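Heads up, the thing below is written out as structure tokens.
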Amino acid sequence: MSLSGMAIAFKASTSGSTAQLLWGHSTKDQCQYGFTHLNEARSRKGSAALHVRATSGKLDLDFSDPSWRQKYQEDWDRRFNLPHITDIFDLEPRLTTFSLKKNRIPLGDVDGSSPDMWNGYVNKDDRALLKVIKYASPTSAGAKCIDPDCSWMEHWVHRAGPRKEIYYEPEEVKAAIVTCGGLCPGLNDVIRQIVFTLEIYGVKNIVGIQFGYRGFFEKGLKEMPLSRDLVENINLSGGSFLGVSRGGAKTSEIVDSIQARRIDMLFVIGGNGSHAGANAIHKECRKRKLKVSVVAVPKTIDNDILFMDKTFGFDTAVEEAQRAINSAYIEARSAYHGIGLVKLMGRSTGFIAMHASLSSGQIDVCLIPEISFTLDGERGVLAHVEHLLKTKGFCVICVAEGAGQDLLQKSNATDASGNVILSDFGVHMQQKIKKHFKDIDVPADVKYIDPTYMVRACRANASDAILCTVLGQNAVHGAFAGFSGITSGICNTHYAFLPITEVITAPKHVNPNSRMWHRCLTSTGQPDFH
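Residues in the sequence shown are numbered from 1170 upward in steps of one, following my numbering.
Listed below in structure tokens is the structure:
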């Protein structure tokens, strides 16, 4: 289930008295890049027009129209409205069975207590603010502006957590959990917390679908009954207790299986592709008028899911990357003209490489997919490495796996998820360095380290374990609240529910104008390689 056809189309042009921006995505990219490169539009603010192609239509905003703010806000609220089973079914909610009172007093107990007396529920109208910085100018570092004047707009999203009212009878629910895509630290933590929370609600029938979406149709892969006792300690090891795989059958075949198994709630733990699959399943269930809540949990080491501060597994990946970087530093520092080269994960984004470089403080050159560069020439990477060997005697380089793909021969091959199989830039970089110093007759001792699978397979660290715990719990709260086609994430330090349709429109990227990338450049001291 590939997202290759959902790439952002970004075009900026100025003509006459109109500054025009075209997005294939929606408001996220307005917030992320905005008018940074259209400063001249400020002088023409009266006639500036913004054209946004949203996922469900086209929104035209003319900033000379006094009502443009209202139109923009209405469009935002419409797109971030959460799909609910009452959109299809005429249902009345019941009081929740989820309560954390002492001894978890059941409803209707002798003292007459009820969950209404416990102030641990989230009101259905609670919202979290997605954006907190008011930029004064499009030229401010990392500016995220809607219009040429960087007008303040409030981007509210639904707050996550347990509701007082639910739309399922827990004792009648059959819940299924599936982990998709590649391995990621924290998968078992999420599985564990989903099971724990379902049991607190009173669900008895919980199953695991083995090896991703494949478990819905592959013969011989049976449902795995899950309980608190069974998953109690699975968080103590890496990997996935249920197994993972990429790709899957047609959506209709998966929903056929869901219908045959009488599944009421499906929890999909995965990245962008798995989220796209979950959204397709959600839509097919709606089409068939099935009362099924499909809720996703964002999983990606690359940290490339829109709107979210971070995804689980990212912190652990950055922490584990320190071991590889430290080893490369020791090797380089200890050798005559030593060069340590580390390749980290990051197909289309450089978040791991950037954060690992920042946290280690040992990186001299950081190369990521979002920033173009040249290897050869006076201003190329190799010339800078040569300079570092002359001045400090060694060099440590960190590259993201998706960096420099424009310098390599492209392949049209794809994996089971539809992702383009990347050329190995790490190996290419290693060979280029060796050849460069051989050609100029300068000794260089290159040590290449690729810790990819070591990072993926390890256990979640403390930070990620907490994130996994909350995300798993909130996924269950969202399903019982009647939502479907949603995902749970941390946005601006707060936990929120988001419609899957908005988060899968494109991967999140490192903003070259962001303060974090500027901090990375300050730390490495590297120049522009152009």
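Glycine included, every Cβ here is placed at the ideal spot set by N, Cα and C. Just so you know, these numbers come straight off a predicted model, no measurement behind them.
Tell me the rounded alpha-carbon separation between residue i and residue j.
| i | j | result |
| --- | --- | --- |
| residue 1407 | residue 1348 | 13 Å |
| residue 1371 | residue 1238 | 45 Å |
| residue 1312 | residue 1294 | 29 Å |
| residue 1640 | residue 1466 | 7 Å |
| residue 1438 | residue 1247 | 26 Å |
| residue 1513 | residue 1656 | 27 Å |
| residue 1252 | residue 1481 | 24 Å |
| residue 1323 | residue 1535 | 35 Å |
| residue 1682 | residue 1569 | 18 Å |
| residue 1697 | residue 1549 | 8 Å |
| residue 1675 | residue 1479 | 16 Å |
| residue 1319 | residue 1308 | 10 Å |
| residue 1409 | residue 1516 | 22 Å |
| residue 1379 | residue 1388 | 11 Å |
| residue 1420 | residue 1450 | 6 Å |
| residue 1637 | residue 1290 | 20 Å |
| residue 1700 | residue 1385 | This structure gives no information on residue 1700, because the portion of the chain shown stretches from 1170 to 1699. |
| residue 1266 | residue 1341 | 13 Å |
| residue 1693 | residue 1402 | 41 Å |
| residue 1606 | residue 1417 | 47 Å |
| residue 1455 | residue 1538 | 38 Å |
| residue 1314 | residue 1228 | 17 Å |
| residue 1336 | residue 1441 | 28 Å |
| residue 1699 | residue 1436 | 46 Å |
| residue 1646 | residue 1363 | 10 Å |
Output needed for residue i: all residues of its chain with C-beta closer than 6 Å, excluding positions within five of it in sequence on either side, in chain order.
| i | result |
| --- | --- |
| residue 1663 | 1297 |
| residue 1462 | 1434, 1648, 1653 |
| residue 1650 | 1332 |
| residue 1343 | 1374, 1431, 1432, 1433 |
| residue 1573 | 1594 |
| residue 1368 | 1397 |
Going by beta carbon distance, what residues of the same chain come within less than 7 Å of residue i, once the five residues before and after it are set aside?
| i | result |
| --- | --- |
| residue 1212 | Only weak support exists for where residue 1212 lies, its pLDDT of 35 falling under 50; the value from the coordinates is given anyway. Around residue 1212: no qualifying Cβ. |
| residue 1684 | 1310, 1311 |
| residue 1689 | 1523, 1526, 1527, 1535 |
| residue 1321 | 1303 |
| residue 1413 | 1348, 1349, 1350, 1351, 1352, 1380, 1381 |
| residue 1599 | 1510, 1615, 1617 |
| residue 1633 | 1354, 1355, 1481, 1482, 1484, 1485 |
| residue 1254 | 1260, 1336, 1460, 1462, 1651, 1653 |
| residue 1477 | 1467, 1658, 1659, 1660 |
| residue 1498 | 1509, 1531, 1565 |
Answer with buried or exposed for residue i, where buried requires no fewer than 16 other C-beta atoms within 10 angstroms of its C-beta.
| i | result |
| --- | --- |
| residue 1691 | exposed |
| residue 1302 | exposed |
| residue 1339 | buried |
| residue 1671 | buried |
| residue 1469 | buried |
| residue 1611 | exposed |
| residue 1617 | buried |
| residue 1687 | exposed |
| residue 1269 | exposed |
| residue 1596 | exposed |
| residue 1505 | exposed |
| residue 1405 | exposed |
| residue 1556 | exposed |
| residue 1609 | exposed |
| residue 1444 | buried |
| residue 1280 | Bear in mind that the predicted position of residue 1280 carries a pLDDT of just 48, short of 50, making it unreliable; the figure below should be weighed with that in mind. Classification of residue 1280: exposed, given that the 10 Å Cβ count is below 16. |
| residue 1234 | exposed |
| residue 1327 | buried |
| residue 1493 | buried |
| residue 1500 | buried |
| residue 1256 | exposed |
| residue 1677 | buried |
| residue 1263 | exposed |
Assuming residue i and residue j make a contact with CB atoms under 8 Å, what is their CB distance in whole Å?
| i | j | result |
| --- | --- | --- |
| residue 1460 | residue 1258 | 6 Å |
| residue 1564 | residue 1558 | 6 Å |
| residue 1329 | residue 1665 | 5 Å |
| residue 1432 | residue 1345 | 5 Å |
| residue 1601 | residue 1544 | 6 Å |
| residue 1661 | residue 1299 | 6 Å |
At a threshold of 6 Å, does residue i count as lining the ligand ZN (C-beta to nearest heavy atom)?
| i | result |
| --- | --- |
| residue 1653 | Summarising the ligand content, the structure contains no ligands, and the ligand ZN is consequently not present. |
So, for residue i: in the same chain, excluding its five sequence neighbours on each side, which residues have a beta-carbon less than 8 Å away from its beta-carbon?
| i | result |
| --- | --- |
| residue 1250 | 1668 |
| residue 1695 | 1533, 1534, 1535, 1553 |
| residue 1575 | 1541 |
| residue 1205 | Its pLDDT being 35, under 50, residue 1205 is placed unreliably by the model, and the measurement read from it follows with that caveat. If we look at residue 1205 and ignore the five residues flanking it on each side, its Cβ neighbours are 1307, 1308, 1312, 1314, 1682. |
Practice prompt. Flag this pair as touching only if the segment 1420-1431 and the segment 1347-1363 have three or more C-beta atom pairs under 8 Å; answer yes or no.
Written response: At 8 Å Cβ cutoff, the stretches do not touch.
Review point. Using 8 Å as the Cβ pair cut-off and three pairs as the minimum, do the segment 1522-1540 and the segment 1479-1499 touch?
Key: Touching, yes, given that three or more Cβ pairs across the two stretches are closer than 8 Å.
How do the segment 1387-1395 and the segment 1621-1628 stand: do at least 3 beta-carbon pairs fall below 8 Å, yes or no?
Three or more Cβ pairs closer than 8 Å define a contact, and the segment 1387-1395 falls short of that threshold against the segment 1621-1628.
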